[in-house]
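So the structure is just underneath, and the comments pick up after that.
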Amino acid sequence: MGSAATIIIADDHPLFRGALGQALGSAEGGPEIVEAADFDSARRAATEHPDADLMLLDLSMPGASGLTGLMMMRAEHQNIPVAVISASDDTTTIRRALELGASAFISKSSGIDEIRQAIDTVLEGGFWTPPGFDADREHDPEIETLITRLKTLTPQQTRVLGMIGEGLLNKQIAYELGVSEATIKAHVSAILLKLNVDSRTQAVIQMAKIGAAPAGP
Numbered sequence: 000m001g002s003a004a005t006i007i008i009a010d011d012h013p014l015f016r017g018a019l020g021q022a023l024g025s026a027e028g029g030p031e032i033v034e035a036a037d038f039d040s041a042r043r044a045a046t047e048h049p050d051a052d053l054m055l056l057d058l059s060m061p062g063a064s065g066l067t068g069l070m071m072m073r074a075e076h077q078n079i080p081v082a083v084i085s086a087s088d089d090t091t092t093i094r095r096a097l098e099l100g101a102s103a104f105i106s107k108s109s110g111i112d113e114i115r116q117a118i119d120t121v122l123e124g125g126f127w128t129p130p131g132f133d134a135d136r137e138h139d140p141e142i143e144t145l146i147t148r149l150k151t152l153t154p155q156q157t158r159v160l161g162m163i164g165e166g167l168l169n170k171q172i173a174y175e176l177g178v179s180e181a182t183i184k185a186h187v188s189a190i191l192l193k194l195n196v197d198s199r200t201q202a203v204i205q206m207a208k209i210g211a212a213p214a215g216p
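Taking numbering that gives the first Met the number 0, the leading residue of the sequence shown gets 0, the next gets one more, and so forth.
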C-alpha cells in the first residue's frame, strides 16, 4: 500500500469505518483515507477524489439498495476500482457483485491482514475473492441472462435504471442528471428493450431478482 494511494471507505457504521481506516492508515506509508457514511456521500467523495485508487463499498448503507449502489458507482466513476465489503458474504451475492463490476469482495468477518491483502491485490490491478469461494456453484441461467443484459446498458442508462429503482419519475431523473425529459424517456425505452421488459415496474422487479433493488415496500 503506497503512501500516494487514496482509499474511500463507504460504510454507514462509524466504528467500522474508523477501525478499518486506522488499521489501513497505521501501516507504514499507509494510504490517505476518505470516509463516507451513506451512498450520496460516497458519490460525492468519488467526485471530489476522481483519482482515488480504490473504494470500499458496503452494499447495505443508506441510499443504496443492494447491488444498485455498486452498479451506479461503476457507471458514474469507471476509473475507480470498487471492492465490496459486506456482512452478506454468501456465494450468490459474491458472484453477482463480481459480475457487476466489483474488483474484490471482502467479507466483514475477515481479519485485518486478509483485508489488507485484498486491498493490495486490487491496488496492484488484480481481483480478490474470499478464500474458498467457488464461482461455479448455484448456477442460475435466468439470472445469468439478466446480468448479461444489465451489462449491455450504457453508464447513463445504468444511472437512470438505478434512479427508477429509487422511485424517481422521468422529470425528477432529468433534473438530477441535467438533461431533458425527452432524453430520459429515450433512455427508459432503451433500458426496457435491453432488459426485455414492458414497463418500469417490470424493470425494478428484474433488478430485485439479483438483489439490486428492494423486492417490496
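Virtual Cβ for every residue (Gly too), placed ideally from N, Cα, C.
Inter-residue spacing [alpha-carbon to alpha-carbon] between A130 and I114: A small fix is needed here, since residue 130 is Pro in this sequence, not Ala. Approximately 12 Å between the Cα atoms of the pair.
message: For E31, report the span of its beta strand (DSSP E) as first-last.
response: Here the beta strand (DSSP E) through E31 covers E31 to A35.
message: Buried or exposed, going by whether 16 or more other CB atoms sit within 10 Å of the CB of P140?
response: exposed
message: Can you tell me whether Q205 is buried or exposed? The criterion is at least 16 other CB atoms within 10 Å of its CB, across all chains shown.
response: buried
- request: Answer with buried or exposed for D10, where buried requires no fewer than 16 other C-beta atoms within 10 angstroms of its C-beta.
  value: buried
task: Indicate the three-state DSSP secondary structure (helix, strand or coil) for L167 in the structure shown.
output: In the structure shown, the three-state DSSP call for L167 is coil.
message: Buried or exposed, going by whether 16 or more other CB atoms sit within 10 Å of the CB of A74?
response: Buried.
message: According to DSSP, is F104 part of a helix, a strand, or is it coil?
response: In the structure shown, F104 adopts extended strand secondary structure according to DSSP, grouped into three states.
query: Are the segment 73-87 and the segment 38-58 touching, with three or more C-beta to C-beta distances below 8 Å?
result: yes
- prompt: Pairing CB atoms from the segment 148-166 with CB atoms from the segment 62-72, are three or more of them under 8 Å?
  reply: yes
task: Could you check the C-alpha separation between S106 and E31 for me, to the nearest Å?
output: Separation of S106 and E31 (C-alpha to C-alpha, rounded to the nearest whole angstrom) is 22 Å.
Rounded straight-line distance, which links the Cα of G62 to that of I183: Between I183 and G62, the C-alpha separation is close to 21 Å.
task: Mind checking who L58 pairs with in its DSSP beta bridge?
output: DSSP, once it has assigned bridges, lists no residue as partnering L58.
- request: Name, in chain order, the residues that DSSP records as bridge partners for S85.
  value: S85 is bridged by DSSP to S106.
task: Per DSSP, which residues does A9 bridge with? Please list them.
output: A35 and L56
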